[in-house]
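What follows is a short report on a single structure.
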Amino acid sequence: MMNYKYFGILTEDMYNPLDEDQILNFFLEKHLITAYRTLDNKKKEDKLTNEKGQLETTVRGMLSDIKYKYSEELLDNIFIYLKSFFSGLIEVNIIMYTRSFDIKTYGYTKKKKRKEAFRKFDKLFFEICKEEQIGLGKNLNNETGAEKRFVTLKKVQCSLIEKLKGEEIILTNYLYGNNDYFTRELIDTHPYLLEIFEFENKLSILIDLNKKFKFEEDDVFTPKPKSELIFKEHSNEFHSLKQVEFIEHQIITKEKVNRAFIVSLFDFFSNILNITTPSGKIFGEIINHYFNFKFGEVSLNGSEGNNHDRRIQELKKEWEIFTN
Numbered sequence: 002m003m004n005y006k007y008f009g010i011l012t013e014d015m016y017n018p019l020d021e022d023q024i025l026n027f028f029l030e031k032h033l034i035t036a037y038r039t040l041d042n043k044k045k046e047d048k049l050t051n052e053k054g055q056l057e058t059t060v061r062g063m064l065s066d067i068k069y070k071y072s073e074e075l076l077d078n079i080f081i082y083l084k085s086f087f088s089g090l091i092e093v094n095i096i097m098y099t100r101s102f103d104i105k106t107y108g109y110t111k112k113k114k115r116k117e118a119f120r121k122f123d124k125l126f127f128e129i130c131k132e133e134q135i136g137l138g139k140n141l142n143n144e145t146g147a148e149k150r151f152v153t154l155k156k157v158q159c160s161l162i163e164k165l166k167g168e169e170i171i172l173t174n175y176l177y178g179n180n181d182y183f184t185r186e187l188i189d190t191h192p193y194l195l196e197i198f199e200f201e202n203k204l205s206i207l208i209d210l211n212k213k214f215k216f217e218e219d220d221v222f223t224p225k226p227k228s229e230l231i232f233k234e235h236s237n238e239f240h241s242l243k244q245v246e247f248i249e250h251q252i253i254t255k256e257k258v259n260r261a262f263i264v265s266l267f268d269f270f271s272n273i274l275n276i277t278t279p280s281g282k283i284f285g286e287i288i289n290h291y292f293n294f295k296f297g298e299v300s301l302n303g304s305e306g307n308n309h310d311r312r313i314q315e316l317k318k319e320w321e322i323f324t325n
């Protein structure tokens with residue numbers, strides 16, 4: 002079973018002996034809550050003297066006492082946990098929806114099939130989003146107009162996550178790691194959980210339709226591969242997008258990635274294939290930035306050894322397969 006952050010972080014033996022201040026400090030230290038202040042409606046008048054010696058009165062709002070709310074990170078993790086109960090059913094529903102669509106559009110021209118897909122896309126969208134929730138943004142022609150549909154969908158999802166703050170029983174059982182609370186009966190009947198299912202089920206179908214028919218660029222729920230982002234930013238530093246795609250593929254599929262492997266990747270492209278590649282310094286900075294590593298500067302010292310040579314040979318074989 003997947004591990005979920007903060008799940009079971011509390012136990013009764015640990016929690017019960019704590020007083021109110023200790024509980025508050027614990028929640029703050031573990032990033033379960035965050036502090037905030039709001040502008041109070043009460044006003045405070047200050048008497049000031051101007052240059053002429055006359056009294057002036059200014060009125061300003063007062064900051065209220067410090068308040069606390071559940072952290073976004075906690076709410077996000079609980080939402081992911083709750084979504085996991087529906088993931089299997091949602092996958093099946095996507096398959097069944099695709100099957101039904103394929104049956105209905107059998108024999109359609111490509112243009113007619115896309116038109117029907119958009120009709121369904123539009124209908125599904127307005128089943129989970131209201132027209133007034135669509136904000137201003139750049140439209141498909143890069144003109145100011147209605148924001149992209151997936152931007153609106155993300156806002157609606159965020160508001161759904163925000164509603165978790167009012168679900169104290171769910172929050173408490175999550176923090177105590179009480180799996181027994183989340184029964185099939187609860188999942189099938191709890192209004193908030195049913196709301197999550199309805200939204201995420203239709204969102205998944207919308208994402209799937211958009212992937213197939215490209216109604217708009219979705220950089221919200223379907224972010225671009227790191228290789229595309231790297232090549233867009235550093236196209237003059239690399240020979241081709243294929244080269245960067247190979248680098249990404251190597252990094253995300255290897256069980257263990259260390260600095261020695263990154264050095265071998267750099268050597269392979271820079272010296273073995275002898276194609277356009279950033280300097281060792283820039284190559285390392287790009288890898289660290291986009292893949293969240295903290296490796297030192299990438300450089301060759303002339304004594305890399307047998308392990309390096311073996312990695313080079315493996316990269317040769319995998320590059321040949323990757324490019325054919």
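Our numbering puts the first residue of the sequence shown at 2, with every later residue one more than the last. All C-beta atoms, glycine included, are put in the ideal place defined by N, C-alpha and C. Keep in mind that this is a model prediction, so the values were computed, not measured.
**Prompt:** Are the beta-carbon atoms belonging to L161 and F200 less than 7 Å from one another?
**Reply:** Locating residue 161 in the sequence shown gives position 160, counting from the first residue. Locating residue 200 in the sequence shown gives position 199, counting from the first residue. Yes, they are a contact pair.
**Asked** Between the Cα of D209 and the Cα atoms of E234, E249, L125, F247, which residue gives the shortest distance?
**Response** In the sequence shown, the residue the question calls residue 209 occupies position 208. Of E234, E249, L125, F247, the residue nearest in Cα terms is L125.
**Asked** So, are the CB atoms of E217 and K149 less than 7 Å apart?
**Response** Numbered from 1 along the sequence shown, position 216 holds the residue referred to as residue 217. Numbered from 1 along the sequence shown, position 148 holds the residue referred to as residue 149. Yes.
**Item:** Rounded separation between N325 and E315 - CA only
**Value:** Translated into positions along the sequence shown, residue 325 becomes position 324. Translated into positions along the sequence shown, residue 315 becomes position 314. Using only the alpha carbons, I get a separation of about 16 Å.
**Item:** Where the beta strand (DSSP E) through K139 begins and ends
**Value:** Indexing the sequence shown from 1 puts residue 139 at position 138. Looking at the DSSP string, the run of the beta strand (DSSP E) that includes K139 is 137–139.
**Three-state secondary structure (DSSP) of G1** = Within the shown structure, residues of the chain are numbered from 2 to 325, placing residue 1 beyond reach of any answer.
**Request:** Starting from the C-beta of E13, find all residues in its chain whose C-beta is less than 8 Å away, skip the five residues before and the five after it, and write them out in chain order.
**Result:** Start at 1 with the first residue of the sequence shown, and residue 13 comes out as number 12. Contacts found: Y177.
**Prompt:** Considering only residues of the same chain and omitting the five flanking positions on each side of E238, which have a CB-CB separation below 6 Å?
**Reply:** Taking the sequence shown and counting its residues from 1, one reaches residue 238 at position 237. If we look at E238 and ignore the five residues flanking it on each side, its Cβ neighbours are P279.
**Request:** Go through its chain and collect everything with a Cβ distance to N202's Cβ below 8 Å, but skip five positions before and after it.
**Result:** Mapped onto the sequence shown, residue 202 falls at position 201. The answer, listed in chain order, is F87, L90, I91, N94.
**Request:** Kindly provide the ranges of any alpha helix (DSSP H) runs that are 4 or more residues long and lie completely inside the stretch 147–224, ordered along the chain.
**Result:** 150–163, 169–176, 185–190, 192–214
**Request:** Measuring alpha carbon to alpha carbon, tell me which of L137, E30, K227 ends up nearest K156.
**Result:** As a first step, residue 156 is located in the sequence shown; it is residue number 155 there, counting from the start. Closest by alpha carbon: L137.
**Message:** Just to confirm my understanding: we take N308, look at its own chain, exclude 5 residues before and 5 after, and list those with CB closer than 8 Å. What are they?
**Reply:** Translated into the one-based positions of the sequence shown, residue 308 becomes position 307. If we look at N308 and ignore the five residues flanking it on each side, its Cβ neighbours are A261.
**Message:** Can you give me the C-alpha to C-alpha distance between S1 and D189, rounded to a whole angstrom?
**Reply:** Residue numbering for the chain in the displayed model covers 2 to 325; residue 1 lies beyond these limits and cannot be assessed.
**Request:** Provide the residue(s) that pair with T35 in DSSP beta bridges, ordered along the chain.
**Result:** Taking the first residue of the sequence shown as position 1, residue 35 is located at position 34. Per DSSP, K70.
**Item:** Straight-line Cα distance separating V258 from L75
**Value:** If you number the sequence shown from 1, residue 75 lands on position 74. If you number the sequence shown from 1, residue 258 lands on position 257. Approximately 29 Å between the Cα atoms of the pair.
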